[in-house]
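The opening residue of the sequence shown carries number 93 in our numbering; numbering runs sequentially from there.
Using N, Cα and C, we set each Cβ at its ideal position, and we do this for glycine too.
Treat the numbers as computed from the prediction; the structure is a model and nothing was measured.
Each remark here refers to the structure printed beneath this line.
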Amino acid sequence: MRIYFSGAIMGGRENLPVYQHIVARLQAAGHEVPSAHVADPAVLSHESAVSPREVCERDIRWIEQSDAMVAEVSTPSLGVGYEVAHGVQCGLPILCLYRRGAPVSKMITGNPAPRLRVSTYSDLAEVDAHLDAFLSTVVAGNVHA
């Protein structure tokens, strides 16, 4: 399955270990993650070589070609919010994860989209449990918030 991963790039790099964990877990389960570079510590230098238009077109194409999306939304990010909204518009099953206690936009936590699931975590074991539950419903074709 092709799963788009979304996480803050311009800010929130303190979440990098969580990003790396999520991407590694998805890949270890055999999923393709076209946006795996978000979990790369050098993502900013790599992305600086690509124009804003190219990034936008590439990421939109990747979202539209994906079967599902996982977004880490603990850090406010215009890009992540845009990607999640586009995924909702495309009808993708989406899992938004955020660190318990993080101030997350109500546009995410209050969104009634039927294929959007929002879950909190306090450690990587909880991240794994949410990922496993989400992926099992995506594979079964039965994703509900």
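Here's the rule: buried if 16 or more other CB atoms are within 10 angstroms of the residue's CB, otherwise exposed. What is residue i?
i	result
Val-231	exposed
Leu-136	exposed
Thr-167	buried
Glu-156	exposed
Gly-99	buried
His-236	Note that His-236 scores a pLDDT of 48, beneath 50, so its modelled location is shaky; the value from the coordinates is reported in the next line. His-236 should be labelled exposed.
Leu-208	buried
Met-199	exposed
Leu-216	exposed
Ser-169	buried
His-138	exposed
The beta strand (DSSP E) that contains residue i, what's its start and end?
i	result
Glu-156	Segment 144-156 is the alpha helix (DSSP H) holding Glu-156; no beta strand (DSSP E) there.
Val-210	208-213
Ser-169	Looking at the DSSP string, Ser-169 is not in any beta strand (DSSP E), and its letter there is neither H nor E.
Arg-192	Unbroken run through Arg-192: none, as it is neither H nor E.
Ile-101	Unbroken run through Ile-101: none, as it is neither H nor E.
Going by DSSP, what residue range makes up the alpha helix (DSSP H) through residue i?
i	result
Glu-139	135-139
Val-162	Unbroken run through Val-162 is the beta strand (DSSP E), 160-164; no alpha helix (DSSP H).
Ser-228	216-232
Nearest CA to the CA of residue i: which residue from the options?
i	options	result
Arg-94	Gly-103, Pro-126 and Arg-105	Pro-126
Val-162	Pro-144, Phe-97, Ala-141 and Gly-233	Phe-97
Val-172	Gly-183, Asp-159 and Ile-152	Ile-152
>> Taking contact to mean 3 or more Cβ pairs, one atom from each stretch, closer than 8 angstroms, check whether the segment 118-131 and the segment 185-200 are in contact.
In response: At 8 angstroms Cβ cutoff, the stretches do not touch.
>> I'd like to know if the segment 103-121 and the segment 176-183 are in contact, where contact means that at least 3 CB-CB pairs between them fall below 8 angstroms.
In response: Contact fails between the segment 103-121 and the segment 176-183, because fewer than three Cβ pairs, one in each stretch, are under 8 angstroms apart.
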